[in-house]
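Only one structure is covered here, and it is reproduced in the block below.
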Amino acid sequence: METAVFIVCAAIVLAGALGVVLARNAVHAALSLVGTLFGMAVLFLNLEAHFLAAVQIIVYAGAIVVLFLFVIMLLGVDRLEDLSVEPITGQRVLAAIVGLGTFGLAVVFLLTSDIGARSVGTLTRDITDIGQYSNLRQIADVLFTDYVYAFEATAALLTISVVGAVVMSRRMARGDEAQEAAEDD
Amino acid sequence: MVTASWYLILAAALFTIGAVGLLVRRNPLIMFMCVELMLNAVNLTFITFGRELGDIGGQVSVFFVLVVAAAEVVVGLAIVVAINRRRPQATADDLSALRG
């Protein structure tokens, strides 16, 4: 069962990833990204990371991709992009070499490590089990003890990023904008 | 039987696709999506290793990666919006205003 789930989800994940890279339309790329993220969430479930599977769907599919789509629609950049021209000569060949090198080295290191050969156990616990050793309890135990300073830092990071986003995307007053445009030209 | 190496190889493949996409595409939004793909690949690796080693720290790391990814997307898209206001339909090649 786990093997079947893995194979289906791996196919979805890889197809979605290729869709992101190959789509000419930015909206199609964003929708392919949703497929990848959903497949990844199911893989997280397969690995018994229940909390992260839920967070993956809520944060990525629910917030990040919606934000992407919102920006695409807002900017009106949903035109088709011509992928046949290569902006920099030889770029795609070099990118393919880099990609093959990355993949090859990663696979070699993973397969030669003794961790990779171990078997992943089957799902034994009930997802709805909220006992003492549930996934969520385990994460919370560690998050609010060992990693509590990092957790507080993420709160600061999120606040700073929100403020930064508001400041950057704020429409400037008319006078300032004309002045800056004049300086720009 | 699915071994951990299957998950790790899938993550490596996903990371590679994201990296190649980041290098090849010129639309800043698509490049952001490719970064998300790479982050997801790393998340899968974290969870797989965390599970193999019996350490919940892998999943906590993924939690932090998710938070940072959300912050990164917010700031990145704000930059894209700000750039598009000044130069509509700009690609990554057009954005050389900071060059020396």
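Sequences listed follow chains A and B, in order. Each position in the first sequence, counted from 1, maps to that position plus 4 in this note's numbering. Each position in the second sequence, counted from 1, maps to that position plus 922 in this note's numbering. We put the beta carbon where it would ideally sit given N, CA and C, even for glycine.
Contact between Met172(A) and Ala1000(B) holds: their C-beta atoms lie close to 4 Å from each other, under 8 Å. Of all residues in the region 939-963 of chain B, only Ile939, Gly940, Ala941, Val942, Gly943, Leu945, Val946, Arg947, Arg948, Asn949, Leu951, Ile952, Phe954, Met955, Cys956, Glu958, Leu959, Asn962 place a beta-carbon less than 8 Å from a beta-carbon of chain A. Interface residue (Cβ-Cβ distance to chain A less than 7 Å): Asp1015(B) is classified as such. Bounds of the alpha helix (DSSP H) holding Phe113(A) are 95-116. For Ile68(A), the chain B residues whose Cβ falls inside 8 Å of its Cβ are Glu958, Ala991, Ala992, Val995, in order along the chain. Under the Cβ criterion (8 Å, minimum of three pairs), the region 136-156 of chain A does not count as touching the region 962-976 of chain B. Ranked by Cα distance from Val996(B), the first of Asp1015(B), Arg947(B), Leu951(B) is Leu951(B). Residue state for Thr967(B) is assigned as helix, using DSSP reduced to three classes. Within the region 43-57 of chain A, those residues whose Cβ lies closer than 9 Å to any Cβ of chain B are, in chain order, Met44, Leu47, Phe48, Asn50, Leu51, Glu52, Ala53, Phe55, Leu56. The beta-carbon distance between Phe72(A) and Gln60(A), rounded to whole angstroms, is 15 Å. This is too long to meet the 8 Å contact definition. With respect to Ala992(B), Val63(A) sits close: the two C-beta atoms are nearer than 7 Å. Sequence-distant partners of Gln981(B) (beyond 5 residues in either direction) whose C-beta falls short of 8 Å from its own C-beta, in its chain, are Phe968, Ile969, Gly972. Comparing alpha-carbon positions, the option among Ser117(A), Ala67(A), Ala53(A), Ala14(A) lying closest to Ser983(B) turns out to be Ala53(A). Beyond the five residues adjoining it in sequence on each side, Ile143(A) comes within less than 6 Å, by CB distance, of Phe55 in the same chain, given in chain order. Contacts with chain A at 7 Å (Cβ-Cβ) do not include Ile1005(B). Per DSSP, the continuous alpha helix (DSSP H) segment holding Val152(A) begins and ends at 152-173. By the neighbour-count criterion, in which a residue is buried when 16 or more other Cβ atoms sit within 10 angstroms of its Cβ, Gly105(A) is exposed. Residues are counted here when their Cβ sits less than 9 Å from a Cβ of chain B; for the region 70-98 of chain A these are Leu71, Phe72, Phe74, Val75, Ile76, Leu78, Leu79, Gly80, Val81, Arg83, Glu85, Leu87, Glu90, Pro91, Ile92, Gln95, Arg96, Leu98, given in chain order.
Interface flag for Val146(A) against chain B is set, since a Cβ pair is found closer than 7 Å. When the alpha-carbon of Arg175(A) is set against those of Val942(B), Pro1010(B), Val1003(B), Ala1012(B), the nearest one is in Val1003(B).
Val46(A) and Asn1006(B) have their C-alpha atoms spaced approximately 36 Å apart. When Cβ-Cβ separations below 7 Å define contact, Val25(A) makes contact with chain B.
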